[in-house]
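Student:
Protein chains: 2
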Amino acid sequence: MDSVLVVGSVAYDSVETPEKKVENSLGGSAIYFSAAASLFAPVKVVGVVGDDFNWNDIAFLKERDVDFKGMQQAPGKTFRWGGRYEKDMNYRKTLYTDLNVFETFDPQIPEAYKKTPFLFLANIQPQLQQCVLAQMARPRFTMLDTMNFWIEGLYDALIETIKMVDGIVINEEEALELVHESNLIRAMKKITALGPRVIIVKKGEHGAMLSVNNSYFFAPAYPVENVVDPTGAGDSFAGGFMGYLTKQGEVTESNLRKAVIYGSAVASFCVEGFSVSRLQKLSLQELNARVAEFKRMVEF
Amino acid sequence: MDSVLVVGSVAYDSVETPEKKVENSLGGSAIYFSAAASLFAPVKVVGVVGDDFNWNDIAFLKERDVDFKGMQQAPGKTFRWGGRYEKDMNYRKTLYTDLNVFETFDPQIPEAYKKTPFLFLANIQPQLQQCVLAQMARPRFTMLDTMNFWIEGLYDALIETIKMVDGIVINEEEALELVHESNLIRAMKKITALGPRVIIVKKGEHGAMLSVNNSYFFAPAYPVENVVDPTGAGDSFAGGFMGYLTKQGEVTESNLRKAVIYGSAVASFCVEGFSVSRLQKLSLQELNARVAEFKRMVEF
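Those sequence lines, one after another, are chains Z and E.
At position 155 of the first sequence the residue is numbered 155 (our numbering), and the sequence of numbers has no breaks.
At position 75 of the second sequence the residue is numbered 375 (our numbering), and the sequence of numbers has no breaks.
1. Alpha carbon to alpha carbon, what distance is there between residue 136 of chain Z and residue 115 of chain Z?
2. Quick one: Cα of residue 304 of chain Z to Cα of residue 577 of chain E, how far?
3. Could you spell out the range, first to last residue, of the alpha helix (DSSP H) harbouring residue 150 of chain Z?
4. In whole angstroms, what is the alpha-carbon distance linking residue 536 of chain E and residue 509 of chain E?
5. Along the region 74-88 of chain Z, what residues have a CB closer than 8 Å to any CB found in chain E?
6. Using 8 Å as the cut-off, can you tell me whether the region 191-204 of chain Z makes contact with the region 151-166 of chain Z, which would need three or more C-beta pairs spanning the two stretches below that distance?
7. Confirm, please, whether the CB-CB distance from residue 343 of chain E to residue 314 of chain E is below 8 Å.
8. Whose C-alpha, out of E/456, E/352, E/448, is nearest the C-alpha of residue 427 of chain E?
9. Quick check on residue 95 of chain Z: buried or exposed, where buried means 16 or more other Cβ atoms within 10 Å of its Cβ?
10. Anyone know if the C-beta pair for residue 380 of chain E and residue 311 of chain E falls short of 8 Å?
11. Evaluate residue 505 of chain E with the Cβ neighbour count: other Cβ atoms within 10 Å of its Cβ, from every protein chain shown; 16 or more gives buried, anything less gives exposed.
12. For residue 448 of chain E and chain Z, any beta-carbon pair shorter than 8 Å?
13. Between residue 244 of chain Z and chain A, is any beta-carbon pair separated by less than 8 Å?
14. Mind checking who residue 471 of chain E pairs with in its DSSP beta bridge?
15. Should residue 298 of chain Z be flagged as near chain E, meaning a C-beta pair shorter than 8 Å?
16. Cβ atoms of residue 594 of chain E and residue 565 of chain E: under 8 Å apart, would you say?
17. Residues of chain Z with a CB under 8 Å from the CB of residue 516 of chain E: which are they?
18. Is DSSP giving residue 163 of chain Z helix, strand or coil here?
19. Could you check how far apart the C-beta atoms of residue 216 of chain Z and residue 523 of chain E are, in whole angstroms? I think they sit under 8 Å.
20. Report the partner residues of residue 55 of chain Z according to the DSSP bridge assignment.
21. Counting only Cβ pairs nearer than 7 Å, list the residues of chain E close to residue 258 of chain Z.
22. Identify, in the order they occur along the chain, each residue of the same chain with its Cβ nearer than 6 Å to the Cβ of residue 144 of chain Z, setting aside the five sequence neighbours on each side.
23. Is there a Cβ of chain E sitting closer than 8 Å to that of residue 230 of chain Z, yes or no?
24. Going along chain E in order, which residues have a C-beta closer than 7 Å to the C-beta of residue 206 of chain Z?
25. Could you give the first and the last residue of the continuous beta strand (DSSP E) run that contains residue 23 of chain Z?
26. Taking contact to mean 3 or more Cβ pairs, one atom from each stretch, closer than 8 Å, check whether the region 347-355 of chain E and the region 543-563 of chain E are in contact.
27. Which of the three DSSP states, helix, strand or coil, is assigned to residue 291 of chain Z?
28. Just to make sure I have the definition right: I need the residues of chain Z whose C-beta is within less than 9 Å of the C-beta of residue 424 of chain E. Which are they?
29. What ranges does the beta strand (DSSP E) occupy inside the region 538-563 of chain E, keeping only unbroken runs of at least 3 residues that lie completely in it?
30. Please name the residue, chosen from E/491, E/454, E/533, E/538, that lies closest to residue 305 of chain E on a Cα-to-Cα basis.
31. Decide if residue 439 of chain E is buried, meaning its Cβ has at least 16 other Cβ atoms within 10 Å, or exposed.
32. Within the same chain, show all residues whose beta-carbon is closer than 8 Å to that of residue 412 of chain E, passing over the 5 residues directly before and after it, in chain order.
33. Can you say whether residue 188 of chain Z is buried or exposed, counting buried as having 16 or more other CB atoms within 10 angstroms of its CB?
34. Under 8 Å by Cβ, that's how I've got residue 170 of chain Z and residue 158 of chain Z pegged, so tell me the actual separation to the nearest angstrom.
35. For residue 244 of chain Z and residue 40 of chain Z, which I take to be in contact (beta-carbon distance under 8 Å), what is that distance rounded to the nearest angstrom?
36. Roughly how many angstroms separate the alpha carbons of residue 36 of chain Z and residue 585 of chain E, rounded to a whole number?
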């Protein structure tokens, strides 16, 4: 079976919600991605942790065929992030970001990983994303995530990187900011013109839009009544999306659409628990049942 | 064929957008509703205009089987509204609201209208909506629209009115405000508990959600690239929805879902021109083609 490589962060998060406070729980884009993608296909991870990292924390991922041989361990502390969500869970405040060993992260792709057909570049510095692309041997499908921090701080490098990938996943506000647009459809056309034929715009509680060569697909968000912890929703969406696509092997529009739904379904489970707790016990059977609900939600 | 009765405003609007300024063009909830609903079924209108009203302005609606025998004409000026849209067409500023003859509007339902099976109470004072309901002879399906102004100013009367209708159509923020909620799914459950089994939440560019006895349907917004004038989007949505439902005659969940899509499709045309200009020349054939695009947009 094909596998998927993710390059991203591994972190210990401290999260406050109106209901609860959870400290130093496993987080980071590469972790959420792996927890989601490994439901479908083998995953390889390139990231960095500090000498305080407890390898038992990722034992459940190893059991699911997630390969951590590309994980570097460096002297110092693991990346730490703290955030607080308000009553309206759509808004969060970052309390602190201690990059620690992640500050000097230099992604080295092990020889055995270079032919991985599916590649996901999580939200890291655009030059590092380029550096990963340069090490790979013609992957079948490459996708990157990014954020306002890079749009505002490293615009030219980011645009150059976007030109090199097949797909991009991005928040709605960031998609508009990226190409200086106020209309999302025009924004997606402009991003397509840069190069990527696949664009996924994440709209949070409003769902997600997929554009494949300017043909549009709309996925609703699952109506989650009790959001426990929104952290990792985007990365688990990406993991579900890439994992499903990897399992199918072929990047057709039909597979891309189903992948968006699987990504949305995984993300809807992710936010039902703190950290990766809900993803850890999630079964494919539960996931398929939710995908059937997505189908029913848009049928007319 | 069944028909639908709308009680609402008739106005002359002045609208500014970054591109253009149009003064004293036909507007008001009852007008946008009629222009949309009359594509499907006969419409009856109860509203009020001043002695300055130019009846030629509604000639195109009369040709489409819209019955204005219930329209009152009072001494004074017709309701006038002025607004300005920013570059991001999602935001508008009301420049003035001159209620004029609409201030003392007292909806009288003609005898011949009282058995109309479908009734839409556009966004007017809740007591007036109740007063209309009291005059009707057991309509098959009643739906009301409302706004933050009534939620904030006439809360108890509005809640009483909501208890009396089968359905409600409301903006997302207003749905949350109405039942003091931050989560939309919980808000829709609370509104259902008040009485209406049909709830439509309008989310603007994010589409619309339908809840039928707490079963959810999600409709995307059509990806309109060039929004010319958003005025009347909500009322033409309601008109398309009620018109389609009236044409089908039976209020089943399947018909309600299709009605939401037809409403969304009509609204997407409405915003492509100033005032009712695009609705005036809209054909059922164009509409059906767009509905097919909606289907394609959510297929997976």
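Here a beta-carbon is modelled for each residue, glycine too, at the ideal position from N, C-alpha and C.
In this text the structure is predicted, and so the values were computed from the model without any measurement.
Tutor: Concretely, from the data shown:
1. Their Cα atoms are separated by approximately 6 Å.
2. What the structure shows of chain Z is the stretch from 1 to 300, and residue 304 of chain Z is not part of that stretch, so it cannot be assessed.
3. Residue 150 of chain Z -> alpha helix (DSSP H) spans 148-153.
4. C-alpha separation (whole angstroms): 16 Å.
5. Here the close residues are 87, 88.
6. Yes, the region 191-204 of chain Z is in contact with the region 151-166 of chain Z.
7. In this structure, residue 343 of chain E does not lie closer than 8 Å to residue 314 of chain E by Cβ.
8. The residue with the shortest Cα to Cα distance from residue 427 of chain E is E/456.
9. It is exposed - the Cβ of residue 95 of chain Z has fewer than 16 other Cβ atoms within 10 Å.
10. For residue 380 of chain E and residue 311 of chain E, yes; Cβs fall inside 8 Å.
11. Around the Cβ of residue 505 of chain E, a 10 Å sphere holds 16 or more other Cβ atoms; the residue is buried.
12. The beta carbon of residue 448 of chain E sits no closer than 8 Å to any beta carbon of chain Z.
13. Among the chains of the structure shown, chain A does not appear; the protein chains present are Z and E.
14. Answer is E/502, bridged to residue 471 of chain E.
15. Judged by the 8 Å Cβ criterion, residue 298 of chain Z is in contact with chain E.
16. Using a Cβ distance threshold of 8 Å, residue 565 of chain E and residue 594 of chain E count as a contacting pair.
17. Chain Z residues near residue 516 of chain E: 223, 297.
18. Coil at residue 163 of chain Z, not helix or strand.
19. Correct: roughly 5 Å between the Cβ atoms.
20. For residue 55 of chain Z, which the question treats as bridged, DSSP gives no partner whatsoever.
21. Chain E residues near residue 258 of chain Z: 600.
22. Within the same chain, residue 144 of chain Z has close Cβ partners 121, 129, 165, 168.
23. False, the Cβ-Cβ gap to chain E never drops below 8 Å.
24. Contact of residue 206 of chain Z with chain E by beta-carbon distance below 7 Å involves 503, 506.
25. Residue 23 of chain Z -> beta strand (DSSP E) spans 21-27.
26. With a cut-off of 8 Å on Cβ pairs, the region 347-355 of chain E is not in contact with the region 543-563 of chain E, counting fewer than three such pairs.
27. Residue 291 of chain Z: helix per DSSP, three-state reduction.
28. Those within 9 Å of residue 424 of chain E in chain Z number zero; the least Cβ separation is about 29 Å.
29. Whole beta strand (DSSP E) segments, 3+ residues: zero.
30. The shortest Cα separation from residue 305 of chain E among E/491, E/454, E/533, E/538 belongs to E/538.
31. The residue is buried, with at least 16 neighbouring Cβ atoms inside 10 Å.
32. Within its own chain, the residues whose Cβ lies closer than 8 Å to the Cβ of residue 412 of chain E, once the five positions on either side in sequence are excluded, are 369, listed in chain order.
33. Classification for residue 188 of chain Z: buried.
34. With a contact defined as Cβ atoms closer than 8 Å, residue 170 of chain Z and residue 158 of chain Z miss out at about 11 Å.
35. About 5 Å; that satisfies the 8 Å criterion.
36. Rounded to whole angstroms, residue 36 of chain Z to residue 585 of chain E spans 44 Å at the Cα level.
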